[in-house]
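Reading through the structure tokens given below for one structure.
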Amino acid sequence: MPKTDSSSNSKFIFVTGGVMSGLGKGVTAASVGRLLSNAGFTITAVKIDPYLNVDAGTMNPYQHGEVYVLKDGAEVDLDLGNYERFLGIDMTSDHNITTGKIYQHVIERERTGDYLGKTVQIIPHITDDIKRRIRYVAKGHDICIVEVGGTVGDIESMPFLEALRQLSHEEPDNCVLFIHVTLIPHSKNEEPKTKPTQHSVKELRSIGIQPNLIVGRSTRPLDDDVREKIALFCDVPTEAVFSNPDLDNIYHLPMSLEEESLDEYVMEQLNLLDRAVPFPNRDTTWRESVTAPKHNKVNIALVGKYGFEDAYISVYEALKHAGLPDGIEVNTFWVHSETLDDGDFSPLSEIKPDGIVIPGGFGSRGTPGKINAVRYARETGIPYLGLCLGFQLAVVEYAQNILNLKDAHSSEIYPETPHPVIDLLPSQHDINELGGTMRLGELETQIDKNTLAHSLYGENQCLERHRHRYEVNPDYIDSLEKAGLKFTGKSGPRMEILEIPEHPYFFGTQFHPEFTSRPTHPSPPFLGLVKAALSHSSSNNKNPKISE
Numbered sequence: 247m248p249k250t251d252s253s254s255n256s257k258f259i260f261v262t263g264g265v266m267s268g269l270g271k272g273v274t275a276a277s278v279g280r281l282l283s284n285a286g287f288t289i290t291a292v293k294i295d296p297y298l299n300v301d302a303g304t305m306n307p308y309q310h311g312e313v314y315v316l317k318d319g320a321e322v323d324l325d326l327g328n329y330e331r332f333l334g335i336d337m338t339s340d341h342n343i344t345t346g347k348i349y350q351h352v353i354e355r356e357r358t359g360d361y362l363g364k365t366v367q368i369i370p371h372i373t374d375d376i377k378r379r380i381r382y383v384a385k386g387h388d389i390c391i392v393e394v395g396g397t398v399g400d401i402e403s404m405p406f407l408e409a410l411r412q413l414s415h416e417e418p419d420n421c422v423l424f425i426h427v428t429l430i431p432h433s434k435n436e437e438p439k440t441k442p443t444q445h446s447v448k449e450l451r452s453i454g455i456q457p458n459l460i461v462g463r464s465t466r467p468l469d470d471d472v473r474e475k476i477a478l479f480c481d482v483p484t485e486a487v488f489s490n491p492d493l494d495n496i497y498h499l500p501m502s503l504e505e506e507s508l509d510e511y512v513m514e515q516l517n518l519l520d521r522a523v524p525f526p527n528r529d530t531t532w533r534e535s536v537t538a539p540k541h542n543k544v545n546i547a548l549v550g551k552y553g554f555e556d557a558y559i560s561v562y563e564a565l566k567h568a569g570l571p572d573g574i575e576v577n578t579f580w581v582h583s584e585t586l587d588d589g590d591f592s593p594l595s596e597i598k599p600d601g602i603v604i605p606g607g608f609g610s611r612g613t614p615g616k617i618n619a620v621r622y623a624r625e626t627g628i629p630y631l632g633l634c635l636g637f638q639l640a641v642v643e644y645a646q647n648i649l650n651l652k653d654a655h656s657s658e659i660y661p662e663t664p665h666p667v668i669d670l671l672p673s674q675h676d677i678n679e680l681g682g683t684m685r686l687g688e689l690e691t692q693i694d695k696n697t698l699a700h701s702l703y704g705e706n707q708c709l710e711r712h713r714h715r716y717e718v719n720p721d722y723i724d725s726l727e728k729a730g731l732k733f734t735g736k737s738g739p740r741m742e743i744l745e746i747p748e749h750p751y752f753f754g755t756q757f758h759p760e761f762t763s764r765p766t767h768p769s770p771p772f773l774g775l776v777k778a779a780l781s782h783s784s785s786n787n788k789n790p791k792i793s794e
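With our numbering as the guide, the letters of the sequence shown map in order to residues 247 to 794.
Here it is in structure tokens:
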């Protein structure tokens, strides 16, 4: 990234949040971007995370949800996954700004004398670096959407809000728009309360930012009286107050906002209406994909150790995407892997799954249960998809139960195993730091012809994203393949894809295909799983049809 500012000639939409975190700022911002993209504009996005971590790579999924991996290997907040899915774009590390990243860069510059003896301060040095990064990402795009994580009033976000305030004054008129997303709770008698929103906007205005548009998160659409009250006390036009009610499907939010003409209001404020594609001619691919009727349904068991959907959000979403082309409703049930540790399969059998997924993960907790789930899928013929750790544990299970190497394991989980069928990558042996040191990002996998992998991808190679330190031990590959486990995708000496040809659908990937899945372009391994699950459901007379 260059050290100097770049003039971007872009428009900017800054999205802030009030009252509480976790309101859905990211999905709201991504939905706005989707609508503007449909109108013919090139969109990019920046997610600001005010925490001191340089990136999200070392964070516990219980606190921040999954660690999402970008194509350049950046480990980021899950909101960037929403941007990629909604906007259909690939982002890089530059699109994620953290306090740790900013301070690290500024301090490194100070140490090398770049500031020529000046006293280094929050203003202007930190705020200038924030603005530089935003403008760098925005360059070459019509509109850059910038989401500020956290809540207005948090001390961590103050330098970022100050930088956005400065940037709004430095850009020409009609080039900057502030959207404030806030909570509209309801009292016990179901009366919507606007006071939290009033206080939130007051806090925002106290630091010099006046929102141009307010989006109210609520359980139901806002009525006219509530809009007028918010407009009066927050000093915005009534037509600038929009509703973001709870929806069964987040992919329907762009259409919900479109019905309120939020996109038209945004384009009017940014002086873009004359450049927009006329409404009847706008791209409808998104609408057609996410609103397609469902005719069948399947049940998928997601076996993991985190009882928190956000920890596996990309897997949940990829399963939804995979059902869209063929009108299949995918019902995903989380199964705590520790409940399977002792070999009791009742938590699975009660669900009667049509498919089983074991996602990526780290650590030993719940590993015996995951291995048992692999065995259950292999022996019963239930379609199986193993992702990263799920791929590795499929190798472990096969070695234990088919090769009869009872002590075979991953050296990550069981360091003293006499048969480390999964072992540390050679490149990882001398690494001591945890953050950003795994095998990360988009890498090419060569796919063997006449295999399930080739039929899924339809190509001799694929580009998918990785996040791992361990691999299939080369010393055991021949024995595993002679016993029937086939490695049909490779990246140099690395085993990337496995399958069991005699099984209805037994597929594992060392990479994370969920990170490249989109509603309009579902991931091939997930598509294959859902189709196989539907076939399994039908063959077992489970009546997969959805009742009218």
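Idealized CB from N, CA, C, for every residue including glycine.
Coil, strand or helix - residue i by DSSP
i: M536; result: Looking at the sequence shown, residue 536 is not Met but Val. Residue state, collapsed to three classes: helix.
i: F772; result: helix
i: C634; result: coil
i: T484; result: helix
i: H582; result: strand
i: I792; result: Reliability fails at I792, whose pLDDT of 38 lies under 50, so the model's placement of it is uncertain and no value is given.
i: D590; result: coil
i: E302; result: Correcting the residue type first, residue 302 is Ala in the shown sequence and not Glu. Reduced to three states, the DSSP call for A302 is coil.
i: A778; result: helix
i: G462; result: strand
i: S283; result: helix
i: D251; result: For D251, the pLDDT reaches just 47, beneath the cut-off of 50, and the residue's location in the model is therefore unreliable, although a value from the coordinates is still provided. DSSP places D251 in coil when its eight states are reduced to three.
i: K293; result: strand
i: Q367; result: coil
i: M741; result: strand
i: K448; result: helix
i: A654; result: strand
i: E643; result: helix
i: H387; result: coil
i: T345; result: helix
i: Q456; result: coil
i: V472; result: helix
i: N490; result: strand
i: I693; result: strand
i: Y361; result: coil
DSSP beta-bridge partners of residue i
i: H767; result: R764
i: G601; result: I546
i: F757; result: Bridge partners of F757: none, in fact.
i: G687; result: H712
i: I259; result: I391 and L423
i: H665; result: A654
i: F797; result: Lying outside 247 to 794, the shown extent of the chain, residue 797 is not represented and no answer is given.
i: V576; result: V544
Buried versus exposed, by CB contacts within 10 Å (16 or more), residue i
i: D341; result: The amino acid at residue 341 is misidentified as Asp; the sequence shows His. By the neighbour-count rule (16 or more Cβ atoms within 10 Å), H341 is buried.
i: L407; result: buried
i: P790; result: The predicted model places P790 with a pLDDT of 43, which falls under 50 and marks its position as unreliable, so this point remains unresolved.
i: D529; result: exposed
i: E643; result: buried
i: D469; result: exposed
i: V523; result: exposed
i: T345; result: buried
i: Y205; result: Since the first residue of the chain shown is 247 and the last is 794, residue 205 is not available in this structure.
i: T531; result: exposed
i: S452; result: exposed
i: A538; result: exposed
i: E436; result: exposed
i: Y308; result: exposed
i: R685; result: buried
i: G592; result: In the sequence on display, residue 592 carries Ser and not Gly. Exposed is the call here.
i: L478; result: exposed
i: R357; result: exposed
i: R521; result: exposed
i: D375; result: buried
Within-8 Å CB hit, residue i to chain D
i: K448; result: Structure shown: chain D not included; a single protein chain is present.
Just to confirm the assignment: which complete alpha helix (DSSP H) runs, minimum length 4, are found wholly within the stretch 404-445? 404-416
Is the stretch 356-368 touching the stretch 307-326, taking contact as three or more C-beta pairs under 8 Å? no
With three or more C-beta pairs closer than 8 Å as the rule, is the stretch 307-318 touching the stretch 416-429? no
Segment contact flag, the stretch 728-736 with the stretch 491-507, C-beta cutoff 8 Å, min 3 pairs: no
Take every Cβ of the stretch 735-749, pair it with every Cβ of the stretch 574-585, and state whether three or more of those distances are shorter than 8 Å. no
Counting beta carbon pairs with one atom in the stretch 609-627 and one in the stretch 763-775, are three or more of them shorter than 8 Å? no
When the Cβ atoms of the stretch 291-301 are set against those of the stretch 377-391, are three or more pairs found closer than 8 Å? yes
Do the stretch 589-603 and the stretch 507-521 meet, that is, are 3 or more Cβ pairs less than 8 Å apart? no
Counting beta carbon pairs with one atom in the stretch 636-650 and one in the stretch 667-678, are three or more of them shorter than 8 Å? yes
So, does the stretch 437-445 touch the stretch 412-422, judging by three or more C-beta pairs under 8 Å? no
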